[in-house]
Each structure stands twice: as structure tokens, then as C-alpha cells.
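Have a look at the structure below before the remarks.
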Amino acid sequence: MGQTQDGTDELNRFSDLMDEAPAASGSGRAGRIALVVVLVTILAVFGGAGGYVWWASSAPLPAPTLATQSPGVTAGEAATVRLPSSGSMRVSVVGGEQYLGADTDGAWATSGGNDPRPIASVAKLITALVVLDRHPLDGPDDPGPTVAFTEADTDLYDQFYVLGATIAKMPDRTTLSLHDALATMLLPSASNYAVALARWGYGSEGAYVDAARAWLDANGLTSTRIVDATGLDDRNTSTPSDLIALGKIAESNPALAAIVALPSISLPTGPGFVTNTNDLLGTAGVRGLKTGNLGEGTFNLLFSSLLDVGVEAPLQITGVRLGGATHDSTDEDVAAFLKSVQAGFHDVAVALPGQDLGTITTAWGAEAHVVLTRTAAIRTWSDTPITPSVQIEQPQTWADGEKVGTVTWTAGPHSVSSDLQVVGDLEPPTLWWRLMHPGQLGG
């Protein structure tokens, strides 16, 4: 009885497999005979060569095994916040709490304690606020009422000139808007204009001092003492914590905040062209507020900065430096602090394309790799810990380029991700492997 063509083909394939089969250890002929016996037994079970070979060649294969590892991540370099070693400094930071932590009592960074010190011309900022308390300006563009300076006010120029104080020209019968008069007092720190405005606002400098003390108490600035409108008397004192609070009050007044941010102003009918003594304007986001000094070793700067550190919004920084050696060194201290905060924010690389994070293996020895697909970096502050997490998806085809998961890195409020994909093709098993591993087929 003749064989069918299919049966002939299966026997031929079986014969070829026998020729390709590896010899058993020991005698090649004995090993081949033993193998034939095993195969004949298997064939008998599966109903002959044709049925078994067909089943083995088409039975479902065991699923590959995916093994991944969490990527190693090193936190960024720890920030070094620069604070002066002499005098005192205190800084408040609003915004960025998710990076920097809460600003406790206006003291995110401090040095030199919180004792009262002479504030010098920073007192003129109080003069401006107390005058505006009685004669408010309706925003930055409001000139306000006209201030007509008296002959007694004009005489202040000579009085303060003799004392060596900073002054600005005040010709006879000078009139200025309140806005411009405040700018003349604050930008060059003109003491004659401070007393003249105190008199204009409250009738006399003594009455102004009483009003200033009441205003300070009402605003909780109980560690600040004012004895005149200029700050020239070293009994005008305050603590760093009070000055931070004072700075925030000044920042919240739109008209005053705009004035102290002016680099200069030209007033031809009065003082002429005057410039701001705050040389840091525009550096590291500085937008005010007031300088002051009573000579070497007493240089002060109450400052405000909108500091861009590359996150969602600029940090709102209010700070004070008291007791600086010189004007320039005080500026350098403040600039160094602000730039050290900027430098403390950095992008930390967490992923590179092609970075190997795992392997895919099969029961028959084929192998492919799992890699990250893109470059990823995360913005952090200082050495904030970076936490990776791996989410694995069940592959459908296990083919080259197929997505098999996602890695996400988190630091503070930020997260970045990169997909995981298969690289490499998984070679299918040989028919011989299928025939030799029936127990691993079928599921």
C-alpha cells in the first residue's frame, strides 16, 4: 500500500532530523540507536512520525521571559548657599517651597544673628511708607498731589551739605509731584528731601517721627526704632527680621515698588538727573529696595529679587544685608548669595537613549534587550533624592522596537519619563528543539 505524499514528506523531514541530531556521549552509533528508540516511542504515542512532527512544528511556544532592572540614579551636587561671615544677613523666599521647603518666619537663610543695628538711609523707606500712608498714590502711574517746597525746605540743602550727607538740588520755589519727590528722596538717598517730605506730610519732622512710631507698631515692627526721617542718627535701628517684614510691605505697594526699581530719573525743574544708589538693580533679578550706610563697616542693603532659577515661576526673595564693610563688598555679598541659589538648581541627567535596562530570553536560548528610548533630565534643587519607578507592559509581539514599559523619575514636584523598547529580534526555535522539548510546547 503506497504512502501519501504528506507522509513521505514527514518521513523525509524525520530522516533529515536524525542525520542532524547530536550524537550522545560515548559511541556515536550507540547514542544514535538510543535516540531512535526514544523517538520511536514518542512517535508511537503521538500516532506516528507525521502526526508528531506536525504537532511539534505548530504547537504554541512558551512566552519569553522579560527581566528588567531599575536604573541607577545619582542625585545632583549639594548646593552651597553663600552667606557673609561678618555683619548679618537674613533672607526670605516665597515660591519654590516644593523645592526649598517652607520659609519659616522669613528666615530661609540667615547669618550673624538678629540683633538691632543702625539702618542708616534704609530709614528713608520708612519715611516713604509713612508719608504714603497719609497720602497714598493710586498705582505706579499716579503722580499724586503736588508738593510745594518752602524756603525752610530749600535751606535744608546747606544744612545737610555741612554734615556731609547725601543731598539733591532743591531750587527756590521747587514744586514736584509726590511721586517725583519720593523718587528724589529714595534713588540718590537725598536727606534734604526726606526731611522736607516728612514736614509736608505731617507738619514737622517731630510729628512725622511720632506717626512713624505708630505706623511701625501697627505693622508689628516692634524691634525698629526711628528718631528722624533721614536715618543719619545711629539710633535709627532695626533687626533683620523686622527689615524683611518692612521690605515685604514696600514690595506690596505698587507705586513704591516701581519707584525703587528705577535706575534713574530726570527732573529738570527740580533736582535734575538723579541715579539710584542700588547698583545691583537688574542683577540676579534685583528690583529694589534701599541702600544705607554710616561709614565703613555699616553698609546696608535691603533688597528684593525675582530670581529666575529655571522652574515654574521666579522665586520672590526679600533679604537684608547689614554691617557690610563697603558699598561694593555689600553688593558682592548679596550677588554671591543670589547666584549661589541659582547655581543650586540644576538639571540632572537620568536617561540616555539605548541605555540597557533588561533582557528578554526564551526557553530555546534566543535573547533581545530592553533599552531606554530617549534622553531625560530632571530639574532639581541641590541633592534632592531622585526616585525611579518602572512600569512594565505585556508585549504583544516581542518584536524589535516594540514598547514594553515606561521608566519615570521623580524629584520634588517634577517627573520625567522615557519609554522602554525591545532591541533585537528573537530567533525562532529550530524544529529539532521543538521535537526534543514537547513538555514546553502547547502553552
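Counting from 20, one number per residue, gives the positions in the sequence shown under my numbering. Even for Gly, the Cβ is constructed at its ideal location relative to N, Cα and C. Keep in mind it's a predicted model, so treat the numbers as computed, not measured.
Worksheet item: For the alpha helix (DSSP H) that residue 407 lies in, which residues bound it at each end?
Response: That residue, residue 407, is in no alpha helix (DSSP H); its beta strand (DSSP E) goes 406 to 411.
Fill in: residue 168, DSSP secondary structure in three states
coil
Discussion item. Only counting the same chain, and skipping five residues up and downstream in sequence, which positions put a Cβ closer than 7 Å to that of residue 157?
Written reply: none
Worksheet entry | Straight-line Cα distance separating residue 459 from residue 43 | Legend: pLDDT at residue 43 = 44, less than 50; position of this residue unreliable, no value from coordinates given.
Practice prompt. With DSSP as the reference, please indicate the residues paired to residue 194 in a beta bridge.
Written response: 167
Worksheet item: Would residue 109 be called buried (16 or more neighbouring beta carbons within 10 Å of its own) or exposed?
Response: buried
Practice prompt. Report yes if the CB atom of residue 391 is closer than 8 Å to the CB atom of residue 426, and no otherwise.
Written response: yes
Practice prompt. Measure the alpha-carbon distance for residue 399 versus residue 99 and round it to whole angstroms.
Written response: 14 Å
Worksheet entry | Best match in 226, 258 and 361 for proximity to residue 243 [C-alpha to C-alpha] | 258
Item to complete: Consult DSSP for residue 250 and reduce its assignment to one of helix, strand or coil.
Response: coil
Worksheet item: Under three-state DSSP, which class holds residue 386?
Response: strand
Discussion item. Only counting the same chain, and skipping five residues up and downstream in sequence, which positions put a Cβ closer than 8 Å to that of residue 282?
Written reply: 294, 295, 300 and 301
Worksheet item: What are the residues that DSSP puts in a beta bridge with residue 133?
Response: None; residue 133 has no bridge partner.
Worksheet item: Can you give the Cα-Cα distance for residue 270 and residue 165, rounded to whole angstroms?
Response: 24 Å
Worksheet item: Just checking my contact of residue 396 with residue 360 at CB under 8 Å: how many whole Å lie between their CB atoms?
Response: Not confirmed; about 20 Å, so no contact.
Worksheet item: Between residue 440 and the rest of its own chain, which residues show a CB-CB distance below 8 Å, the 5 nearest in sequence each way excluded?
Response: 389, 390, 392, 420, 421, 422 and 423
Worksheet item: Is residue 446 helix, strand or coil when you go by DSSP?
Response: coil
Worksheet entry | Buried versus exposed call for residue 371 [16 or more other C-beta atoms within 10 Å across all chains shown] | exposed
Worksheet item: So the beta strand (DSSP E) residue 91 belongs to, where does it begin and stop?
Response: Premise fails: residue 91 is in no beta strand (DSSP E) and is neither H nor E.
Discussion item. By alpha-carbon positions, which one of 138, 417 and 212 ends up nearest to residue 381?
Written reply: 417
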